[in-house]
Amino acid sequence: MSILRLLGFASVRESDEPETLRQIADRLEALPRDQAVRLAAFAYVLARVAHADLRIDDAECAAMERIVAEEGGLDAETARLAVEVAKGRARRSGGTDDYLVTREYRRLASREERVQLLHCLFAVAAADETISSAESQQIVQIGEELGFDRSEVLALRGAWRPHVGALRGA
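Count along the sequence shown starting at 1, add 26, and that's the number in my numbering.
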């Protein structure tokens, strides 16, 4: 059955639903389906930033697992599984899936939750002690997809200044 149909959007065809969300949300079967879908989108967007520089290192994986566990109230193993699927999808998908999943998160999350996601994106990017230019650009793009303007995202980035590669020593 379609996630969107479970959420009450029976008129949406299952083929319209991003496969990425279905695959991650299915790993979160212990959660109510709407919460699983929101958390699946959250995990995917984290992985999207971690993969912005075309690699996801151990520190970024550990940060994503910790953040997903905390955000979803999950045990470590369930969070690890969700992150593994999200990482795999982020490596393979990109492009349209990136936008569709982020748009779905925007629809499901409050403004406060979207701000929290941006902070989590910076935390994942900084997990290896440096926020690369590619990661920073990806976060700005995601912020705009989440409904924030560039200046709002850059203001949040200020808290992470010591980790931003392009701003170090500036």
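All C-beta atoms, glycine included, are put in the ideal place defined by N, C-alpha and C.
Residue from the options with nearest C-alpha to residue i
i: V127; options: R64, E161, D60; result: R64
i: G120; options: A181, V71, A62; result: V71
i: L57; options: E97, E161, T156; result: E97
i: R176; options: P188, S162, R187; result: S162
i: I82; options: E110, R133, C146, Q167; result: E110
i: F148; options: R137, I165, A160, E171; result: I165
i: G169; options: S159, I50, R132, R118; result: R132
i: E178; options: R137, I50, S159; result: R137
Rounded C-alpha distance that separates residue i from residue j
i: L143; j: F68; result: 7 Å
i: V75; j: D123; result: 14 Å
i: G173; j: D101; result: 31 Å
i: T104; j: A95; result: 8 Å
i: G114; j: R187; result: 29 Å
i: L134; j: L107; result: 22 Å
i: L180; j: R140; result: 15 Å
i: L47; j: Q61; result: 12 Å
Three-state class that DSSP yields for residue i in the structure shown
i: I157; result: strand
Residue burial classification, residue i (beta-carbon count within 10 angstroms, cutoff 16)
i: G99; result: exposed
i: E55; result: exposed
i: H77; result: buried
i: H145; result: exposed
i: R118; result: exposed
Cβ neighbours of residue i in the same chain (closer than 8 Å, five flanking residues each side left out)
i: P44; result: D123, L126, V127, E130
i: V150; result: L72, V75, A76, E86, A89, M90, I93
Contact set for residue i: own chain, Cβ-Cβ below 7 Å, skip 5 residues either direction
i: V190; result: I157, S162, R183
i: D154; result: D83, A85, E86
i: A116; result: Y70, A73, R74, H77
i: Q49; result: V111, R115
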